[in-house]
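Listed in order, the protein sequences are those of chains A and B. With the first sequence counted from 1, adding 44 to any position gets you our numbering. With the second sequence counted from 1, adding 30 to any position gets you our numbering. Note that the Cβ used here is the ideal one computed from N, Cα and C, for glycine as well. Predicted model only: the values in this text are computed from it and were never measured. These notes are about the structure you will find just below.
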Amino acid sequence: MSEDRLSYYGRPIIKEPVWKPEIPLYFFAGGLAGASATLSLGARMTRNEPLARASLFAAAAAVSVSPPLLIKDLGRPARFYNMLRVFKVTSPMSVGTWIASAEGTSTGVAAACELFGVMPRLKLFAQTIAGLLGPAMATYTGALVAQSVVPVWHEARQDLPLTFAAGSAASAGGAAAILTPTAFAGPARRLAILGGLAELVTVEVMKKRLGNLVAEPYEQGEAAKYTKLSTAATLAGTALMARAGRRRVGAVAAGALLLAGALCERFAVYHAGKQSAADPHYTSIPQRERVR
Amino acid sequence: MKQGDGATTYGPEQQPRVGFFTDTSICIGCKACEVACKEWNLVPEDGLSWTGHSYDNTGELGADTWRHVAFIEQQPTHGDFRWLMSSDVCKHCTHAGCLDVCPTGAVMRTEFGTVVIQDDVCNGCGYCVTACPFGVISKREIGGDGGMHKCTLCYDRLQDGLEPACAKACPTDSIQFGPLDELIDRARERCEHLVESGVEDARLYLADENDGIGGAGAFFLLLDEPEVYGLPPDPVVPTKNLDTIWGAAAAAAGALAVGLIAAFIGGSD
Numbered sequence: 045m046s047e048d049r050l051s052y053y054g055r056p057i058i059k060e061p062v063w064k065p066e067i068p069l070y071f072f073a074g075g076l077a078g079a080s081a082t083l084s085l086g087a088r089m090t091r092n093e094p095l096a097r098a099s100l101f102a103a104a105a106a107v108s109v110s111p112p113l114l115i116k117d118l119g120r121p122a123r124f125y126n127m128l129r130v131f132k133v134t135s136p137m138s139v140g141t142w143i144a145s146a147e148g149t150s151t152g153v154a155a156a157c158e159l160f161g162v163m164p165r166l167k168l169f170a171q172t173i174a175g176l177l178g179p180a181m182a183t184y185t186g187a188l189v190a191q192s193v194v195p196v197w198h199e200a201r202q203d204l205p206l207t208f209a210a211g212s213a214a215s216a217g218g219a220a221a222i223l224t225p226t227a228f229a230g231p232a233r234r235l236a237i238l239g240g241l242a243e244l245v246t247v248e249v250m251k252k253r254l255g256n257l258v259a260e261p262y263e264q265g266e267a268a269k270y271t272k273l274s275t276a277a278t279l280a281g282t283a284l285m286a287r288a289g290r291r292r293v294g295a296v297a298a299g300a301l302l303l304a305g306a307l308c309e310r311f312a313v314y315h316a317g318k319q320s321a322a323d324p325h326y327t328s329i330p331q332r333e334r335v336r
Numbered sequence: 031m032k033q034g035d036g037a038t039t040y041g042p043e044q045q046p047r048v049g050f051f052t053d054t055s056i057c058i059g060c061k062a063c064e065v066a067c068k069e070w071n072l073v074p075e076d077g078l079s080w081t082g083h084s085y086d087n088t089g090e091l092g093a094d095t096w097r098h099v100a101f102i103e104q105q106p107t108h109g110d111f112r113w114l115m116s117s118d119v120c121k122h123c124t125h126a127g128c129l130d131v132c133p134t135g136a137v138m139r140t141e142f143g144t145v146v147i148q149d150d151v152c153n154g155c156g157y158c159v160t161a162c163p164f165g166v167i168s169k170r171e172i173g174g175d176g177g178m179h180k181c182t183l184c185y186d187r188l189q190d191g192l193e194p195a196c197a198k199a200c201p202t203d204s205i206q207f208g209p210l211d212e213l214i215d216r217a218r219e220r221c222e223h224l225v226e227s228g229v230e231d232a233r234l235y236l237a238d239e240n241d242g243i244g245g246a247g248a249f250f251l252l253l254d255e256p257e258v259y260g261l262p263p264d265p266v267v268p269t270k271n272l273d274t275i276w277g278a279a280a281a282a283a284g285a286l287a288v289g290l291i292a293a294f295i296g297g298s299d
């Protein structure tokens with residue numbers, strides 16, 4: 045037995061995250077909501093009403109499933125409001141609770157005004173807040189997982205927020221391309237292609253910078269499965285959006301592929317974290333090298 | 031003001047920082063600490079199975095195991111068989127990841143400088159579990175509890191001027207409780223004595239306030255590398271990189287905003 049392979053009966057040193065699949069689902073929904081809200085604001089400012097409407101409704105749909113997902117994952121769901129009594133910058137979850145609450149409320153108000161065609165000034169005000177908070181909503185979740193002792197997450201702290209931002213752009217572009225008449229969906233298509241390409245690149249950069257050992261979970265088990273699915277779907281979606289995005293069928297298929305790719309990417313990160321925590325060597329070997 | 035002092039929070043109620051010095055060189059593996067802890071703190075049963083790992087049938091620290099005795103059997107190629115035993119516990123870190131990331135304020139620093147989860151506040155989000163470099167905390171599933179639990183360093187006993195149950199029950203004084211400064215002095219002396227007597231592997235673990243967690247409220251004298259006991263060799267609190275993390279998130283948000291603006295160049299179609 046070589047010295048750097050020491051462990052206590054192969055048992056993990058750190059605990060596996062207790063989060064259930066609701067959490068990666070939320071990462072996806074939150075990213076979609078945030079980027080869609082900003083896309084909608086941009087469309088409104090450029091007087092592209094069909095795109096503004098479609099992406100606002102996409103944002104509202106994504107933001108409305110977020111609280112149930114987050115609350116359901118709590119060990120004591122009835123006490124979710126305890127997070128709303130505290131604000132801590134040392135806790136991305138605390139900061140994120142406030143970002144998500146503000147984003148959810150403003151998007152909800154704007155979408156309701158849009159749906160019923162009432163209170164245009166309130167709508168614009170709410171939509172502006174939602175649009176400005178959108179990028180924060182889409183990226184804080186990357187900071188949330190990075191702020192942990194899980195090696196595959198913490199060592200990717202420079203990359204995870206950008207990876208999540210790229211996935212959010214791809215999914216918001218994809219969703220809007222599905223929901224908007226093609227003549228008005230130009231910005232959505234470009235966002236989808238930009239996001240898809242960025243997602244493919246940032247994921248590779250992240251794995252490269254993690255190094256062979258720490259990035260290993262992405263090559264194994266569930267994480268590998270979702271990584272492959274994500275890469276394939278994102279690659280196909282991006283290419284299809286570029287080639288056939290101006291046709292209805294092409295836009296719908298490409299949008300769906302990009303949404304699936306972004307969703308699988310969050311699941312890849314989630315499973316990689318679990319696998320990274322389960323093996324003591326991902327924790328001990330880099331630390332041992334540090335103290336040598 | 032050094033973090034972990036708590037003097038700013040507690041004012042005149044502030045007490046000297048206390049902790050554990052666990053001297054594993056005199057641990058006999060009796061598990062009296064595990065039993066005393068469970069009885070005093072009403073910690074539920076943590077599984078009645080055999081692990082096959084020497085005399086360790088507890089496995090690891092967690093919501094239902096606040097003291098854990100590790101058993102390591104070593105048969106080197108040269109030399110005598112050696113049986114290592116060590117009672118592990120929450121480290122009550124100076125810079126505590128669990129406390130930093132808790133979004134409800136359930137995890138708090140007490141007037142004794144220890145770290146406690148307030149069970150009536152915890153909503154079971156589990157963020158503390160991923161922020162602990164030692165894998166001390168987990169979710170209690172028994173009876174649908176759903177909350178996160180760990181060693182309180184017997185906060186209730188401390189408030190009544192008593193030592194924690196595990197230290198009280200330890201028959202060899204392998205677990206020593208007291209003001210942290212005194213314990214560290216005593217531990218250094220003990221370690222030097224052991225090394226001078228020929229136990230060259232003896233070393234202190236987490237007794238250095240310049241380490242990645244700012245030193246611990248529970249530190250150890252070990253006879254082998256920390257990994258052998260299931261402990262991380264160089265634990266770092268994740269909040270140490272807080273600036274980098276928020277910086278990366280801000281940069282990513284900015285990049286996303288730029289990308290969104292760029293998408294509008296070229297018109298609606």
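Check: Using C-beta distances below 7 angstroms, list every residue in its chain close to B:R220, excluding the 5 sequence neighbours before and after it, in chain order.; Outcome: D53 and L251
Check: If you compare alpha carbons, which of B:A217, B:F142 and B:P201 is closest to B:L188?; Outcome: B:F142
Check: If we define contact as Cβ-Cβ less than 7 angstroms, is B:Q33 a contact residue for chain A?; Outcome: At B:Q33 the pLDDT is 48, less than 50, meaning the model places this residue with poor confidence and gives no usable figure here.
Check: Could you tell me whether the stretch 233-244 of chain A touches the stretch 198-212 of chain A, where touching means 3 or more Cβ pairs closer than 8 angstroms?; Outcome: yes
Check: Kindly indicate which residue of A:G217, A:V109 and A:L177 has the alpha-carbon position closest to the one of A:S99.; Outcome: A:G217
Check: Going along chain A in order, which residues have a C-beta closer than 9 angstroms to the C-beta of B:V99?; Outcome: What B:V99 touches in chain A: nothing, since even the nearest Cβ is about 12 angstroms away.
Check: Note down, one range per segment and in chain order, each beta strand (DSSP E) of at least 3 residues found wholly within the stretch 145-212 of chain B.; Outcome: 145-147 and 205-209
Check: Tell me, please, whether the CB atom of A:H198 is closer than 7 angstroms to any CB atom in chain B?; Outcome: yes
Check: To the nearest angstrom, report how far apart A:N126 and A:R120 are at their CA atoms.; Outcome: 10 angstroms
Check: Output the distance between the C-alpha atoms of A:L50 and A:E60, rounded to the nearest integer angstrom.; Outcome: 19 angstroms
Check: Counting beta carbon pairs with one atom in the stretch 315-326 of chain A and one in the stretch 254-268 of chain A, are three or more of them shorter than 8 angstroms?; Outcome: yes
Check: Starting from the Cα of B:S117, find the closest Cα among B:V267, B:Q44 and B:A66 and give me that residue.; Outcome: B:A66
Check: Which word fits A:R97, buried or exposed, when buried means at least 16 other C-beta atoms lie within 10 angstroms of its C-beta?; Outcome: buried
Check: Determine whether the beta carbon atoms of A:V193 and A:I58 lie at a separation below 7 angstroms.; Outcome: yes
Check: Could you give the C-beta distance for B:A217 and B:A237, rounded to a whole number, given that I count them as a contact under 8 angstroms?; Outcome: 6 angstroms
Check: Does the distance from the CB of A:S135 to the CB of B:V131 come in under 7 angstroms?; Outcome: yes
Check: Going by Cα to Cα distance, which pick from A:L83, A:Y326, A:E66 and A:R287 is closest to A:H198?; Outcome: A:Y326
Check: Round the Cβ separation of A:L114 and A:A232 to the nearest angstrom and send it over; I've been treating them as touching at under 8 angstroms.; Outcome: With 8 angstroms as the limit, A:L114 and A:A232 do not qualify as a contact, their Cβ atoms being about 27 angstroms apart.
Check: Which two residues bound the contiguous beta strand (DSSP E) that contains A:R97?; Outcome: Note, A:R97: premise wrong, no beta strand (DSSP E); alpha helix (DSSP H) at E93 to D117.
Check: Between which two residues does the beta strand (DSSP E) carrying B:E103 extend?; Outcome: R97 to Q104
Check: Could you confirm whether any beta carbon from chain B is found closer than 7 angstroms to the beta carbon of A:M127?; Outcome: yes
Check: From A:R123, A:L235 and A:R334, pick the residue whose C-alpha is nearest to that of A:G211; which is it?; Outcome: A:L235
Check: Of the residues B:P262, B:F249, B:G260 and B:T274, which one's Cα is nearest the Cα of B:F51?; Outcome: B:F249
Check: Suppose you measure from the CA of B:I214 to the CA of B:A280; what does that come to, to the nearest Å?; Outcome: 41 angstroms
Check: What residues from the stretch 52-85 of chain B come within 7 angstroms of chain A, judged by C-beta to C-beta, listed N to C?; Outcome: H83
Check: Judging by CA-CA distance, which residue of A:G178, A:L168 and A:D117 is the nearest neighbour of A:A146?; Outcome: A:G178
Check: Let's see if you can read the secondary structure: which residues bound the alpha helix (DSSP H) around A:Y184?; Outcome: P164 to A190
Check: With a 10 Å radius around its C-beta and 16 neighbouring C-beta atoms as the bar for buried, classify B:H90 as buried or exposed.; Outcome: Note that residue 90 of chain B is Glu in the sequence shown, not His. Label assigned to B:E90: buried.
Check: Rounded to whole angstroms, how far is the Cβ of A:S108 from the Cβ of B:P262, which I believe are closer than 8 angstroms?; Outcome: With 8 angstroms as the limit, A:S108 and B:P262 do not qualify as a contact, their Cβ atoms being about 41 angstroms apart.
Check: Please say whether A:Y262 and A:T271 have beta carbons closer to each other than 7 angstroms?; Outcome: yes
Check: Determine, using beta-carbon pairs with one atom in the stretch 244-258 of chain A and one in the stretch 37-48 of chain B, whether at least three such pairs fall under 8 angstroms.; Outcome: no
Check: Taking only beta-carbon positions, decide if B:K169 is within less than 7 angstroms of chain A.; Outcome: yes
Check: In terms of residues, what are the limits of the beta strand (DSSP E) holding B:D273?; Outcome: B:D273 -> not in any beta strand (DSSP E); alpha helix (DSSP H) instead, spanning L272 to A293.
Check: Looking at A:A286 and the ligand PLP, is the gap between the Cβ and the nearest heavy atom below 6 angstroms?; Outcome: Of ligands this structure carries none, so the ligand PLP is not represented either.
Check: I want to verify the contact list: residues of chain A whose CB lies under 8 angstroms from the CB of B:Y235, in sequence order.; Outcome: Those within 8 angstroms of B:Y235 in chain A number zero; the least Cβ separation is about 12 angstroms.
Check: If contact means a Cβ-Cβ distance below 9 angstroms, which residues of the stretch 264-282 of chain B contact chain D?; Outcome: Absent from the structure is chain D; the protein chains it does hold are A and B.
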